[in-house]
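> If you count by the numbering used here, then the sequence shown holds residues -7 to 564, one letter each, in order.
Each residue gets a CB set at the ideal place from its N, CA and C atoms; glycine is no exception.
Before I ask anything, let me first share the structure, which is written out below as structure tokens.
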Amino acid sequence: MLWEYSDVAESLVDSKSREWHVSKCLSRLLLNRGINTDDRLKDFLNPHIDKFRDPFDFERMNEVVKKIVDAKEKGEKIFVYGDYDVDGITAATFLVLVFRQIGIDVDYYIPNRMEEGYGLDRKAINYINNKKGRLVITVDTGVNSIEDVEYANRLGIDVIITDHHKIIKEKGDEQLLIINPKFSEGYQFKFLAGAGVALKVAQAVYMTLGEDLDKLYQYIDIVMIGTVADVVPMIDENRIIIRKGLEVIKKTKVKGLIYLMKYLRLQNKDITTTDVSFFISPLLNSLGRIGTSKVGADFFINEDDFEIYNIIEEMKKSNKKRRELERSIFNEIDDEIQNMEEKNFKYLFLKSSKWHPGVIGVVSSRLSIKYHVPVVLVAIKDGVGKASCRSIEGINIFNILREMADKLLRFGGHDLASGFIARTSNLDEIEERLKGCMEISGKKKEMKTLRIDGTFSIENIDENMLKDLERVSPYGLENEHPIFLDEGLEFENLKKFGVENRHFKAFIKKDGKRYSAVAFDLGSKIDEEGYKLQRFDVAYYPEKVYYKGDESLQIRIKDFKVKDDFYNIFTQ
């Protein structure tokens, strides 16, 4: 891994520290993130709900609101149709809750991943028609559903499409009523998650009806969960959503979340995006991948204690099964890769009838990260392949799929994470085309780069420094977690753990003091005996961890390099 150091001049760090009345550490972090003016500083450090963009910047938002308000006034039933992942489920349930509290008759439909697949379809439309639904609002899905929308219209059902995925312009698009930031010329922030787009629709409806927006924002923790889960850039409105959502979730109105946080033992701590990503989202996502997606939506809506308890139990079982399946598929593929003669591969395209389509997305992601190549995994059943695709910076997998749309039954997604459904008879040609696109791109496998914000000695970590890190959060795309460097450190009591000893725990020793540390996916880089005679330069960040109600400081090691190697001196 290459280490890339900040090139911000020390003199600028000092001057901005004095001008902004902040620490040098915070000054450096802000400058490294392009925050160099007073206005940018204010917006970045204080992402307040007053800074939300006007939802009517979307060109056809007035038409959308009119249809929703007309349905309310006529007493017609609205159905919110959500995707089966966390973003889709949270987007749908958010709209249901905030619409119901202002007297709109609204229900929800979440498709089953295994039986229905991605996007709006006729089976769902027929169900909605039988339930007397007259207006459908899709969330986090629907951009490629022209024929299905036309079918709904023939049944007398209006359709509003809200989505954030890439748009493939087709004949008939102009007839669809679409709210999508990537499709809008007027709406300047393009990176809302599906739940974020749902929020904009709700804002517009509340503003039109003169409703108090504070009533709306009491459910913004649901939008926050979907936004974090969908891994969108942590800037602009996403930053506002997450900051406000993390504040609201402490006193959430969602009974299911209250129970879930008690189960996860998060109820007495400040919830972070890490908690959402690693604990809350996987449980919700497991239902869409292994169980029944609609149950995930029921979790947010249901008020019955017994039902909520049963849903959480189902989540736990589904999540356990999901992890087992992911581990099995990953190990199977990883073993196959280790036995490959050609190690310098530019992509992976693998298929199997034994794989569960609900979990291959996570496996694709892990393989893409490990080998730094685009990965396409295809689960085959009954002559049809369902694929999950993950790519790397510089190779737009969505655009590649668009080039071969004639061979796909369906496809959708983002630049670096997409999926498709195709007949198995076309898979060989799809792979050949994929290979050709890789060669055209000219993208070579590159070493991963770790950006280091600056040198910071571990013994200087204190509450003020941790507060500085908190002010820069939330972290994610476009706002990566700050990484610091400390040099010449010793490790003590190092123990590897995890599958194939992928990780390790240790104490870092410096100036007679010891600091608890953990390193994930770095176990193969260190010798369990040789480390005792080595000193290391360590790229890290500090974090607070909670165990049985106690809080402690932990050093999260992101990478390390041997600085002094006495082991080789004494053993060779």
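Taking DSSP's pairing of strands, which residues face His406 in a bridge?
In DSSP, His406 forms no bridge with anything.
> In the DSSP assignment, what residue or residues form a beta bridge with Val530?
Asp478, Phe552
> Relative to the C-alpha of Lys16, which candidate in Arg25, Leu23, Val5 has its C-alpha closest?
Val5
> Taking all protein chains shown into account, decide if Val537 is buried (16 or more other Cβ within 10 angstroms of its Cβ) or exposed.
exposed
> In the DSSP assignment, find the beta strand (DSSP E) that holds Val496 and state where it starts and stops.
It is Phe, not Val, that sits at residue 496 in the sequence shown. Here the beta strand (DSSP E) through Phe496 covers 495 to 502.
> Rounded to a whole number of angstroms, what is the C-alpha to C-alpha distance between Ile565 and Ile547?
Since the displayed the chain opens at -7 and closes at 564, residue 565 lies outside it and no answer follows.
> Compare the C-beta of Ile94 with all C-beta atoms of chain D and state if any pair is closer than 7 Å.
In the structure shown, chain D cannot be found, because there is only a single protein chain.
> In its own chain, which residues sit with a C-beta less than 7 Å from the C-beta of Arg25, not counting the 5 before and 5 after it?
Asn471
> Which of the three DSSP states, helix, strand or coil, is assigned to Trp(-5)?
strand
> Once you ignore the five residues that flank Lys8 on each side, which residues in its own chain have a CB closer than 7 Å to its CB?
Hits under 7 Å: Ser19, Leu23.
> Given that a residue counts as buried once 16 or more other Cβ atoms are within 10 Å of its Cβ, and exposed if not, what is His40?
exposed
> Tell me the DSSP bridge mates of Arg415?
Val376
> Measuring CA to CA, which of Arg92, Ile352, Ile227 is closest to Glu203?
Arg92
> Would the C-beta of Pro534 count as close to the ligand ADP, meaning under 6 Å from any of its heavy atoms?
As presented, the structure is devoid of all ligands, the ligand ADP included, so that no description of it is given.
> Mind checking which residues open and close the beta strand (DSSP E) that includes Lys505?
Its beta strand (DSSP E) spans residues 505 to 511.
> Taking the beta strand (DSSP E) that Thr130 falls in, what are its first and last residues?
125 to 131
> Just tell me which of Val57, Asp296, Lys343 has its CA closest to the CA of Gln195.
Val57
> Bridge partners of Phe48, per DSSP?
BP columns for Phe48 are empty, so no partner.
> Counting C-beta neighbours from all protein chains within 10 Å, is the total for Thr29 16 or more, i.e. buried, or is it exposed?
exposed
> When the Cα atoms are used, what is the spatial distance from Gly80 to Val131?
Distance between the alpha carbons of Gly80 and Val131: 6 Å.
> Give the straight-line distance between the Cα atoms of Ile444 and Asp31, rounded to the nearest whole angstrom.
In this structure, the CA atom of Ile444 is about 25 Å from the CA atom of Asp31.
> In chain order, what residues of the same chain have a beta carbon less than 6 Å from the beta carbon of Arg281, not counting five sequence neighbours either side?
The answer, listed in chain order, is Arg314, Gly350, Val351.
> Based on the DSSP output, what are the partners of Cys381 in its beta bridges?
Val368, Ser410
> Out of curiosity, what's the CA-to-CA distance linking Glu(-4) and Tyr100?
48 Å
> So, with DSSP's three-state summary, where would you put Tyr251?
Helix at Tyr251.
> Assign Asn230 to buried or exposed, taking buried as 16 or more other Cβ atoms, counted over all protein chains shown, within 10 Å of its Cβ.
Asn230 should be labelled buried.
> By how many angstroms is the C-alpha of Lys362 removed from the C-alpha of Gly480?
28 Å
> Around the Cβ of Tyr507, are there at least 16 other Cβ atoms within 10 angstroms (buried) or fewer (exposed)?
That one is buried.
> Can you give the beta carbon distance from Pro534 to Leu458, rounded, assuming they're within the 8 Å contact cut?
With 8 Å as the limit, Pro534 and Leu458 qualify as a contact, their Cβ atoms being about 7 Å apart.
> Report back the beta-carbon spacing between Lys174 and Lys182 to the nearest angstrom; my notes put them in contact at under 8 Å.
About 5 Å separates the CB atoms of Lys174 and Lys182; that is less than 8 Å, so the two are in contact.
> Between Ser278 and Asn323, what straight-line distance do the alpha-carbon atoms span, to the nearest angstrom?
20 Å
> Counting pairs of beta carbons, one from the segment 118 to 130 and one from the segment 146 to 158, are three or more of them closer than 8 Å?
yes
> So, is Arg358 buried or exposed, given that buried needs 16 or more other C-beta atoms within 10 angstroms?
With 16 or more Cβ atoms within 10 Å of its Cβ, Arg358 is classed as buried.
> Assuming Leu112 and Thr133 form a contact by the criterion Cβ under 8 Å, report the distance between their Cβ atoms to the nearest whole angstrom.
7 Å
> For Asp327 and Asn104, I'd like the C-alpha separation in whole angstroms.
32 Å
> Can you tell me whether Gly353 is buried or exposed, with buried defined as 16 or more other CB within 10 angstroms of its CB?
So Gly353 counts as buried.
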